[in-house]
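Visitor:
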Amino acid sequence: GDQVEQSPSALSLHEGTGSALRCNFTTTMRAVQWFRKNSRGSLINLFYLASGTKENGRLKSAFDSKERYSTLHIRDAQLEDSGTYFCAALTGGYKVVFGSGTRLLVSP
Amino acid sequence: ETAVFQTPNYHVTQVGNEVSFNCKQTLGHDTMYWYKQDSKKLLKIMFSYNNKQLIVNETVPRRFSPQSSDKAHLNLRIKSVEPEDSAVYLCASSQGTNERLFFGHGTKLSVL
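Sequences listed follow chains G and L, in order.
Residue numbers 6 to 113, in our numbering, belong to the letters of the first sequence in order.
Residue numbers 1037 to 1148, in our numbering, belong to the letters of the second sequence in order.
(1) Excluding five sequence neighbours on each side, which residues of the same chain lie with their C-beta closer than 6 Å to the C-beta of L:K1080?
(2) Could you check whether G:F103 and L:L1078 sit closer than 8 Å to each other, using their CB atoms as the reference points?
(3) Are the C-beta atoms of G:N50 and some chain L residue less than 8 Å apart?
(4) Which residue marks the beginning of the beta strand (DSSP E) containing L:D1106, and which one marks its end?
(5) Rounded to whole angstroms, what is the Cα-Cα separation between G:L18 and G:A94?
(6) Which residues, in order along the region 1070 to 1088 of chain L, keep a beta-carbon less than 9 Å from a beta-carbon of chain G?
(7) For L:K1005, collect the residues of the same chain with a Cβ closer than 7 Å to its Cβ; drop the 5 residues on either side in sequence, then sort them by chain order.
(8) With 8 Å set as the bound, which would you pick, yes or no: does the beta-carbon of L:V1051 sit closer than that to a beta-carbon of chain G?
(9) Would the beta-carbon of L:T1067 fall within 8 Å of that of L:N1086?
(10) Please list the segments of the beta strand (DSSP E) lying wholly inside the region 1063 to 1137 of chain L, counting only runs of 3 or more residues, in order along the chain.
(11) L:S1104 and L:K1115 look like a contact to me (Cβ under 8 Å); what is the Cβ gap, rounded to whole Å?
(12) Taking C-beta pairs closer than 8 Å, name the residues in chain G that L:R1099 reaches, listed in chain order.
(13) Indicate whether at least one CB of chain L lies closer than 8 Å to the CB of G:R80.
(14) Give the straight-line distance between the Cα atoms of L:E1120 and L:V1147, rounded to the nearest whole angstrom.
(15) Report the rounded CA-to-CA distance for G:A8 versus G:S56, giving the unit in angstroms.
(16) Give me the subset of the region 1098 to 1124 of chain L whose CB atoms are less than 8 Å from a CB atom of chain G, sorted by chain position.
(17) Assuming G:F40 and G:Y74 are in contact, meaning their beta carbons sit under 8 Å apart, how far apart are those beta carbons, in whole angstroms?
(18) Rounded to the nearest angstrom, what separates L:G1052 and L:R1099 at their Cα positions?
(19) To which residues of the same chain is L:Q1050 closer than 6 Å at the C-beta, ignoring the five residues directly before and after it?
(20) Less than 8 Å between CB atoms is the rule here; does L:H1047 satisfy it with respect to chain G?
(21) Is the CB of G:A30 under 8 Å away from at least one CB in chain L?
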């Protein structure tokens, strides 16, 4: 069935540095969404992409449906960026398949 | 901050009891969902309603049933809970099926 492989599962960054999260899809997805889970457990919308790239502040996301992957880049990481990040792939129907999450810890 | 509201936040109950979770969205969306977050933190879809019509019903046990009075509400009832039902249940909404999802805070169920 449709699957999403998210990596890395955990990531440690020092303040001011950056890195990238990646989701690979086993099938062609029509769109991808990125979320961050906040301290209250809410899933906060970061990006929704049907194609191409989007940028918002220190975050940038890309989605290539043909190559079956999406990335989330974080630059100049701050302490408040710590949390768990999820990608979610929207299939051709009404299904949404989530990645397993990336636990990000930003330290001073 | 959020326009998808779930109640309760937590619920502890015993095996065999019936529980009901409520979800309301104030975004004017026409599609609502229930997801279950498993022990590995994966979110798996359970049900989806579009304009009060059930459009997805994953292979969940029959003791689970969605209930929708209008497109702004989608409740989840579990008729006779089992220990494996302990999980976080997340409600979400979207406008159509091609747009982004907005999630509630989740309801954590513990079955003793």
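Here a beta-carbon is modelled for each residue, glycine too, at the ideal position from N, C-alpha and C.
Guide: Reading it off the structure:
(1) Counting from one through the second sequence, the residue named residue 1080 of chain L turns up at place 44. Counting only Cβ-Cβ distances below 6 Å, and skipping sequence neighbours, we find K1072.
(2) As a working note, residue 1078 of chain L is residue 42 in the second sequence. As a working note, residue 103 of chain G is residue 98 in the first sequence. In this structure, the beta-carbon distance from L:L1078 to G:F103 falls below 8 Å.
(3) Locating residue 50 of chain G in the first sequence gives position 45, where the first residue counts as 1. G:N50 belongs to the set of residues whose beta carbon lies under 8 Å from a beta carbon in chain L.
(4) The sequence position of residue 1106 of chain L within the second sequence is 70, counting from 1. Per DSSP, L:D1106 belongs to no beta strand (DSSP E) and is neither H nor E.
(5) In the first sequence, counting from the first residue as 1, residue 18 of chain G sits at position 13. In the first sequence, counting from the first residue as 1, residue 94 of chain G sits at position 89. G:L18 and G:A94: Cα-Cα distance of roughly 26 Å.
(6) Y1071, Q1073, K1076, K1077, L1078, L1079, K1080, I1081, S1084 and N1086
(7) One cannot answer for residue 1005 of chain L here, as it falls past the ends of chain L, which runs 1037 to 1148.
(8) Position 15 of the second sequence, counted from the first residue, corresponds to residue 1051 of chain L. Residue-level contact check: L:V1051 does not touch chain G, since none of the beta carbons of chain G fall below 8 Å from its beta carbon.
(9) One-based indexing of the second sequence puts residue 1067 of chain L at position 31. One-based indexing of the second sequence puts residue 1086 of chain L at position 50. Yes, they are a contact pair.
(10) 1067 to 1073, 1079 to 1086, 1089 to 1093, 1100 to 1103, 1111 to 1114 and 1123 to 1130
(11) The sequence position of residue 1104 of chain L within the second sequence is 68, counting from 1. The sequence position of residue 1115 of chain L within the second sequence is 79, counting from 1. In fact, because the Cβ distance is near 17 Å, the residues do not count as touching under 8 Å.
(12) Here residue 1099 of chain L is taken as the residue at index 63 of the second sequence, counted from 1. What L:R1099 touches in chain G: nothing, since even the nearest Cβ is about 22 Å away.
(13) Walking along the first sequence from the start, residue 80 of chain G turns up at place 75. Chain L, which has no Cβ nearer than 8 Å to the Cβ of G:R80, makes this no.
(14) Your numbering for residue 1120 of chain L matches position 84 in the second sequence. Your numbering for residue 1147 of chain L matches position 111 in the second sequence. Those two C-alpha atoms are separated by around 8 Å.
(15) For the purposes of this step, residue 8 of chain G is taken as residue 3 along the first sequence, with counting starting at 1. For the purposes of this step, residue 56 of chain G is taken as residue 51 along the first sequence, with counting starting at 1. According to the sequence displayed, residue 8 of chain G carries Gln and not Ala. Cα to Cα, the separation comes out at about 19 Å.
(16) Per Cβ criterion, the list reads V1124.
(17) The count along the first sequence starts at 1 and reaches residue 40 of chain G at position 35. The count along the first sequence starts at 1 and reaches residue 74 of chain G at position 69. The Cβ separation is near 17 Å, so there is no contact.
(18) Here residue 1052 of chain L refers to the residue found at position 16 of the second sequence. Here residue 1099 of chain L refers to the residue found at position 63 of the second sequence. Roughly 10 Å separates the two Cα atoms.
(19) In the second sequence, the residue the question calls residue 1050 of chain L occupies position 14. Contacts found: L1148.
(20) The sequence position of residue 1047 of chain L within the second sequence is 11, counting from 1. Taking Cβ atoms only, chain G never reaches closer than 8 Å to L:H1047, which makes this a no.
(21) Counted from its first residue, the first sequence places residue 30 of chain G at position 25. Before going further, note that residue 30 of chain G is Phe rather than Ala in the sequence given. Not an interface residue.
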